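Same order as they appear, the protein sequences are chains A and B.
Heads up: the first sequence is residues 157 to 495, going by our numbering.
Heads up: the second sequence is residues -18 to 416, going by our numbering.
Beta carbons are placed, not taken as given, at the ideal position from N, Cα and C, and that holds for glycine.
Computed from a prediction, not measured in an experiment: that's the story for all the values here.
Take a look at the structure below.
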Amino acid sequence: MQLPIINQSEKTREYASRPGMTRRSFLRTGTAATGAVAAIAASLSPLRELTDTDQFSVSRFLQKHYKEMDGQDMAAALERISKAVEKRYDVRPDIRDIKPMDGVEFVYALNLTRCIGCRKCVHACVEENNQSRSPEIQYIRVLEMPRGTTDIEQGNHHYQRATVPSEDHYYMPIQCHQCANPPCVKVCPVEATWQDSDGITVIDYDWCIGCRYCEAACPYWARRFNFSTPSIPKDKINPDMSYLSNRPRENGVMEKCHFCLHRTRLGKMPACLEVCPTGARKFGNVLDPNSEVRQILESKRVFVLKQEAGTLPRFFYYFDERDSTNETNPANPANGGDA
Amino acid sequence: MIDSIKEFAREYPRFLYRCFRLSFVGDWRYYTWMFFLSVIALFGLNAYAKQFVQGLITTGMTDQVSWGLYIANFTYLVGIAAAAVMLVIPVYVYKNKDLHNLVIFGELLAVVAIIMCLMFITADLGRPDRFLHLFLRFNFPMSILTWDVIALNGYLLLNLHICGYLIWCAYNKRQPTKIFYIPFVFTAIVWAISIHTVTAFLYSGLGARPFWNSAVIAPRFLASAFAAGPALIILTLQVIKAGTGYPVSDKAISTLKGIITVALGINMFLLGSEVFTEFYTGASHSVSAKYLFFGLHGYSALVPWIWSAIALNTFALLVLLTPAGKNRWLLNAACLAMIVGIWIEKGMGLIVPAFIPSPIGEIVEYVPTLNEVLVCTGIWAFGLLMYTILVRVTIPVLYGDLLVDKIYHTDPSIFETKKSSSTQDSAGVSPEKRR
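Okay, here's the thing in structure tokens:
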């Protein structure tokens, strides 16, 4: 029998068949083993830079899924998060777990006639929700659309103008559409994201494993991934936090727009709406027959983006039904009036 | 019964130990090869350690192109693992004699490929430290990813059992009991089809990505896997034959050649069907395909890749279909061409373009970073290392050189303790007779 590579070597044969351990074989095996261990240790040396101990702490590791936590578990988790935030940002946060209200289903309506593309909503959102400034994470993307089309393929994502709006464009902000049939929830392998009873799709940042399947599944490109530990200047931290919304995230997890649930579940408006200078953004409870959003859905010609995706968005767009030549100019009296 | 369990508990660790010792024995070529692989694997480990500390920012992935080389390699290797059935089906269903002694190398390849798949998935996770969450909240059956977890791990266990049982029997000079492996073999045949189908459904089930949202993805995956996998096995078997003298008949190679010819033909046909549907309709959902084949708005990073893949696969198909395929070197070149061609087609050609443009129309191109490439080559090197060791210890067992009561000359500890039993090895059939 010929095994040319694996045992043809006479030297090896002699060495290997020698009974017991000789001084030479001991030295040789010892040197090889030491070399191997040293090489592996050297390869793993970047691990010495792991400094954020909270990220890998035991209490963090044993923390349960959001839906399995009782009051005590949640209190412990909030305390742990508070300490971590305080240590990192020198700010004692006011962090709570805010549950959805009964009889509420939030929807958003955006008036494309009024939006001027100033991107104030983008930045208000970043500040409200403690998004990473480097690398930059933003939940809202505003597209500059040429008139005459609603095909978002033709939108300009990176328009830079001294003044907005541009006469021959309209502007279309896109953020999480809080779908009633959310593909991102369906695909998550560990149930780290789900839809709450008020229609907001939330993420348990401490449960997400970072596979980014939801990011691939979202037709609205609403989800963002923390490719590194987010960095936020200490003086920019918003201490008004909640577990499922704007508490600082860790490296390696997903995040997204949550309709500012730490505000809206307490009756306030989302940050993007409050900052909007033109009143293009409308938000409220669609189950309330007197709400403004309900009026809009009933009286305006609303549409949703990518209806064919079948995700049933809770984010509606509409145009004012006025003089079409002047529709982007909110100063025009023709565009006045509510909603 | 109790005695046989006791004996197993005593003998099995010894068997593993002997295999462990054996994996360190070889001539200078073996050592050079293993050293080379170890160095690449360690570079990969080092790169992964960096990624673990800094996050996936060390890769070229972005929010726009959120899956890259890791998922591409994962997809390709699922195919390689599934392709083991192209040896199993001829042997167990059609009773092919030429492949009978080779089928184990296909199954071992499946084991290694699945382990590599799991490593690529782990490399892609943002929080691998949380993998236990899979056991605590398993979104089955809604998430196709959970189906894939079951499919891949189940396939790994099936193949580990089949290979492990057959090798263990050979080691103990026993005839394998059919009931202990034949049902598993047939389960594994169906399972192999399922792993690649489920992996295809991961992509084709996403309405957000029109480029993937096509019924032809699963058949295409299977066809390309049944081409690239056996092509890899053809090359591997020749290396095994040259390296160890293990008998690999020309008929075995030509059976595999027939399989890859048909599979590659079907694969190219399916690709053609896809291309026709995308481009003839001219609907907006063909933008990703346009980007892939021709470039879009001046962005064209993938164009050279896909055309080289098509060129490589066409070359391979031409060699296989013409008398040129009778030349062993040309056949090997064709195998190599299709292994690379299909890797590009499935990775750069299928995973990446689905993200370009993004669902809301932004074009961000993807270029892997050096760190990411090092992690990938590291996993490949580690896979080859595992496969080399498995083949290296399996062959002496199959030859009857490494037996439960026989001393193998490369194993000094056995030489000492079991000296008296050396006279009993007459039971082992000599390898010459086997051949």
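Same chain only: Cβ atoms within 6 Å of residue i, ignoring 5 sequence neighbours per side
i	result
serine 394 (chain B)	With a pLDDT of 41 at serine 394 (chain B), under the threshold of 50, the modelled position of that residue is not reliable, and no figure is offered here.
valine 93 (chain B)	Gly364, Met367, Tyr368
histidine 333 (chain A)	Tyr376, Pro469, Phe471
asparagine 77 (chain B)	Pro71
phenylalanine 296 (chain B)	Ala318
valine 247 (chain A)	Ile393, Pro395
methionine 230 (chain A)	Asp253
Residue i - containing beta strand (DSSP E), residue span
i	result
isoleucine 441 (chain A)	First, the residue type needs correcting, since residue 441 (chain A) is asparagine and not isoleucine in the sequence shown. Its beta strand (DSSP E) spans residues 437 to 441.
histidine 325 (chain A)	325 to 330
arginine 201 (chain B)	Here arginine 201 (chain B) belongs to no beta strand (DSSP E); instead the alpha helix (DSSP H) covers 198 to 225.
threonine 258 (chain B)	Careful: threonine 258 (chain B) lies outside any beta strand (DSSP E), inside the alpha helix (DSSP H) at 231 to 262.
isoleucine 287 (chain B)	Per DSSP, isoleucine 287 (chain B) belongs to no beta strand (DSSP E); it is in the alpha helix (DSSP H), 284 to 302.
threonine 357 (chain A)	357 to 359
Three-state secondary structure (DSSP) of residue i
i	result
glutamine 451 (chain A)	helix
glutamine 351 (chain A)	strand
valine 345 (chain B)	coil
aspartate 137 (chain A)	The requested residue 137 (chain A) is not part of the displayed model; chain A covers only 157 to 495.
alanine 265 (chain A)	strand
arginine -9 (chain B)	helix
arginine -1 (chain B)	helix
tyrosine 29 (chain B)	helix
glutamate 406 (chain A)	coil
aspartate 250 (chain A)	strand
valine 458 (chain A)	strand
methionine 97 (chain B)	helix
tyrosine 473 (chain A)	strand
tyrosine 500 (chain A)	The displayed coordinates of chain A run from 157 to 495. Any statement about residue 500 (chain A) would go beyond what the structure contains.
tyrosine 423 (chain B)	No answer is possible for residue 423 (chain B): the residues shown for chain B start at -18 and end at 416.
arginine 108 (chain B)	coil
arginine 190 (chain B)	coil
arginine 289 (chain A)	strand
phenylalanine 5 (chain B)	coil
phenylalanine 383 (chain A)	coil
Whole-angstrom C-beta distance between residue j and residue i, which should lie under 8 Å
i	j	result
threonine 258 (chain B)	methionine 15 (chain B)	At roughly 48 Å, the Cβ-Cβ gap does not stay under 8 Å, so threonine 258 (chain B) and methionine 15 (chain B) are not in contact.
asparagine 82 (chain B)	proline 228 (chain B)	7 Å
alanine 233 (chain B)	alanine 63 (chain B)	About 20 Å; that fails the 8 Å criterion.
glycine 381 (chain B)	isoleucine 214 (chain B)	Actually they do not touch by this definition, with Cβ atoms about 24 Å apart.
arginine 373 (chain B)	leucine 68 (chain B)	With 8 Å as the limit, arginine 373 (chain B) and leucine 68 (chain B) do not qualify as a contact, their Cβ atoms being about 20 Å apart.
glycine 107 (chain B)	glycine 227 (chain A)	Contact flag wrong, Cβ pair sits at about 30 Å.
phenylalanine 101 (chain B)	tyrosine 51 (chain B)	5 Å
tyrosine 152 (chain B)	leucine 384 (chain B)	6 Å
lysine 238 (chain B)	leucine 301 (chain B)	7 Å
Cut-off 8 Å between Cβ atoms - residues of its own chain near residue i, not counting five sequence neighbours on either side
i	result
aspartate 324 (chain A)	Pro302, Arg303
asparagine 394 (chain A)	Glu283, Glu284, Asn285, Asn286, Asn402
alanine 233 (chain A)	Gln219, Met225, Asp362, Tyr399
lysine 438 (chain A)	Tyr264, Ala265, Leu266, Asn267, Leu429, Glu448, Val449, Ile452, Ala495
tyrosine 57 (chain B)	Ala209, Ile323, Trp324, Lys327, Gly328
valine 256 (chain B)	Ala270, Phe274
Limits of the alpha helix (DSSP H) - the one that residue i falls within
i	result
arginine 79 (chain B)	According to the sequence as given, residue 79 (chain B) is aspartate; it is not arginine. Looking at the DSSP string, aspartate 79 (chain B) is not in any alpha helix (DSSP H), and its letter there is neither H nor E.
glutamate 300 (chain A)	Careful: glutamate 300 (chain A) lies outside any alpha helix (DSSP H), inside the beta strand (DSSP E) at 297 to 302.
proline 377 (chain B)	351 to 380
isoleucine 365 (chain A)	Per DSSP, isoleucine 365 (chain A) belongs to no alpha helix (DSSP H) and is neither H nor E.
tyrosine 376 (chain A)	Segment: none, tyrosine 376 (chain A) is in no alpha helix (DSSP H) and carries neither H nor E.
histidine 142 (chain B)	125 to 152
Cut-off 7 Å between Cβ atoms - residues of its own chain near residue i, not counting five sequence neighbours on either side
i	result
leucine 80 (chain B)	Leu68, Pro71, Val72, Ala233, Thr236
serine 267 (chain B)	Glu259, Phe260
alanine 305 (chain B)	Leu311
glycine 434 (chain A)	According to the sequence provided, residue 434 (chain A) is threonine. The question's glycine does not apply to it. Excluding positions up to five away in sequence, the list reads Arg270, Cys271, Ile272, Pro486.
valine 278 (chain A)	Gln294, Ile296, Val298
valine 378 (chain B)	Ile148, Ala151, Tyr152
histidine 418 (chain A)	Ile254, Asp396, Met397, Ser398, Ser401, Asn402
Does the count of Cβ pairs from the region 351 to 363 of chain B and the region 15 to 32 of chain B closer than 8 Å reach three? yes
Should the region 275 to 287 of chain B be regarded as contacting the region 330 to 337 of chain B, the criterion being three or more beta carbon pairs within less than 8 Å? yes
Sufficient close CB pairs (3 or more, under 8 Å) joining the region 445 to 452 of chain A to the region 303 to 317 of chain A: no
If you pair each beta-carbon of the region 29 to 45 of chain B with each one of the region 379 to 395 of chain A, do three or more pairs fall below 8 Å? yes
Should the region 268 to 283 of chain A be regarded as contacting the region 251 to 259 of chain A, the criterion being three or more beta carbon pairs within less than 8 Å? no
So, do the region 197 to 207 of chain B and the region 176 to 183 of chain B have three or more beta carbon pairs nearer to each other than 8 Å? yes
Would you check if the region 237 to 245 of chain A and the region 427 to 446 of chain A touch, i.e. whether three or more CB-CB distances between them fall below 8 Å? no
Does the count of Cβ pairs from the region 336 to 343 of chain A and the region 121 to 139 of chain B closer than 8 Å reach three? yes
Say whether the region 332 to 343 of chain B touches the region 179 to 192 of chain B, bearing in mind that this needs 3 or more beta-carbon pairs closer than 8 Å, one atom from each stretch. yes
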